[in-house]
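Remarks on the structure that follows.
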Amino acid sequence: MSEWLVLAIAMALVCAVVLTFTAIRHRRAADDEDTSETPDVIEYMTMMVGVVYAIVLGLAIAGVWEARGAAEDSVRREAQSLYEVTQRADVYPVPVRDRIRGEVDAYVAHTVNVDWPRLTSGQAATAEGAGLLGKLRSDVTHQAPANELQAQAYQPLLDHIAAADDARHSRTQSDESTLPSVVWFGLLVGGVVTVGLIFTLQIRRSGRELLLAGLFSALIVFLLFMVWSFDAPYGRGGIDSAGAFQDLFPAVTVTVAAGS
């Protein structure tokens with residue numbers, strides 16, 4: 001089921017619950033109930049709870065957004081480092097150059113086709129990716145430079161492989177939820193309390209009040225959905241977050257996509 005469909009259903013359900021509860025409360029209200037005024041203390045408490053929840057929600061959004069940015073940066077570093085390896089290998093003889101580029105392509109294909117679906121579904125990356133990258137590092141390390149040009153490219157090649165390995169470790173270690181369970185508990189309970197407090201203001205069935213109540217509850221659901229969506233640094237499905245690999249290795253990733 002699409003995430004946007006889940007969001008639409010959740011917003012519709014919350015709005016329906018709020019409006020239904022309002023209608024039931026209005027029917028059960030006493031005929032002599034005075035709804036013209038709301039005690040000042042209730043208005044103050046409602047305002048304070050809303051402000052505190054807005055601050056907590058804003059911090060949660062900022063936290064997951066920062067984690068998403070860091071994850072995208074690690075993917076870019078990994079892909080760019082591997083791309084530099086394929087370019088700098090041009091100074092080696094054709095058999096060596098093709099072997100190095102083939103090993104890079106094999107690693108990229110495995111990462112996008114095998115590891116990425118596991119990454120976005122909450123599973124750990126396979127050990128095969130580390131093995132492919134280790135084989136690349138070993139082959140480059142044991143390829144003795146035959147001339148000055150190869151000697152100048154030798155250390156940068158190893159540095160780029162090390163950078164790709166470091167970025168890979170960052171990627172595999174940051175694939176879990178950014179927010180701990182206790183924060184999610186606070187966000188969900190706070191959302192229920194914040195929406196529930198609108199009923200303490202003696203909301204009636206006027207069109208304006210019902211519209212505002214529905215829009216307010218839908219906004220809370222949308223913000224919580226946004227936090228949930230960004231809480232997965234690499235997304236919750238597909239390989240869209242592997243865009244850096246697709247941009248730098250289009251032939252490999254297109255082949256992988258066609259064979260999937």
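Residue numbers are given in this note's numbering: position 231 of the sequence shown equals residue 231, and the series is strictly consecutive.
Beta carbons are placed, not taken as given, at the ideal position from N, Cα and C, and that holds for glycine.
Rank the options by C-alpha distance to the C-alpha of residue i and give the top, closest one.
{"i": "W264", "options": "S241, L248, L136 and V252", "result": "Residue 264 lies beyond the range of the chain shown here (1 to 260); nothing can be said about it."}
{"i": "I239", "options": "R118, G186 and A62", "result": "R118"}
{"i": "Q173", "options": "A12, A71, W4 and G50", "result": "A71"}
{"i": "L7", "options": "V51, L219 and Q80", "result": "L219"}
{"i": "A232", "options": "E103, V112, H142 and V64", "result": "V64"}
{"i": "E176", "options": "G235, V75 and L57", "result": "G235"}
{"i": "L157", "options": "A54, Y83 and A10", "result": "Y83"}
{"i": "T46", "options": "G214, F199, E209 and P250", "result": "F199"}
{"i": "Y154", "options": "A163, V41 and T141", "result": "T141"}
{"i": "A16", "options": "L211, Q152, A146 and P95", "result": "L211"}
{"i": "S2", "options": "G58, Q123, G186 and G237", "result": "G237"}
{"i": "Q152", "options": "L59, W228, Q123 and R88", "result": "R88"}
{"i": "A163", "options": "D73, L179, T120 and P145", "result": "D73"}
Since residue i is in the alpha helix (DSSP H), which residue starts that stretch and which ends it?
{"i": "R137", "result": "A127 to T141"}
{"i": "A144", "result": "From DSSP, A144 is part of no alpha helix (DSSP H); its letter is neither H nor E."}
{"i": "D98", "result": "V94 to H110"}
{"i": "D221", "result": "Reading off the sequence shown, one finds Val at residue 221, where the question assumed Asp. G207 to F230 is the span of the alpha helix (DSSP H), which, as asked, contains V221."}
Does DSSP put residue i in a helix, a strand or coil?
{"i": "T255", "result": "Residue confidence is low: T255 scores 47 on pLDDT, short of 50, so the model does not pin down where it sits. No coordinate-derived value is stated."}
{"i": "I239", "result": "coil"}
{"i": "Y44", "result": "helix"}
{"i": "P117", "result": "helix"}
{"i": "Q155", "result": "helix"}
{"i": "G122", "result": "coil"}
{"i": "T178", "result": "coil"}
{"i": "P250", "result": "helix"}
{"i": "S2", "result": "coil"}
{"i": "S260", "result": "Bear in mind that a pLDDT of 44 at S260, under 50, signals an unreliable position, so the model cannot answer this."}
{"i": "Y234", "result": "coil"}
Just to check my reading of the structure: residue i and residue j have Cβ atoms closer than 8 Å, yes? What is that Cβ distance to the nearest angstrom?
{"i": "F245", "j": "V108", "result": "6 Å"}
{"i": "H160", "j": "S81", "result": "4 Å"}
{"i": "L224", "j": "G191", "result": "6 Å"}
{"i": "V75", "j": "R171", "result": "6 Å"}
{"i": "I61", "j": "V85", "result": "Contact flag wrong, Cβ pair sits at about 37 Å."}
{"i": "H110", "j": "L132", "result": "6 Å"}
{"i": "V227", "j": "L188", "result": "The pair is not a contact, with the Cβ atoms about 10 Å apart (cut-off 8 Å)."}
Cβ of residue i versus every heavy atom of the ligand GTP: is any distance shorter than 7 Å?
{"i": "A164", "result": "Among the components modelled here there is no ligand, and therefore nothing to report on the ligand GTP."}
Can you confirm whether residue i, when its beta carbon is compared against all beta carbons of chain B, has any partner nearer than 8 Å?
{"i": "P233", "result": "Absent here is chain B; the protein component of the structure consists of one chain."}
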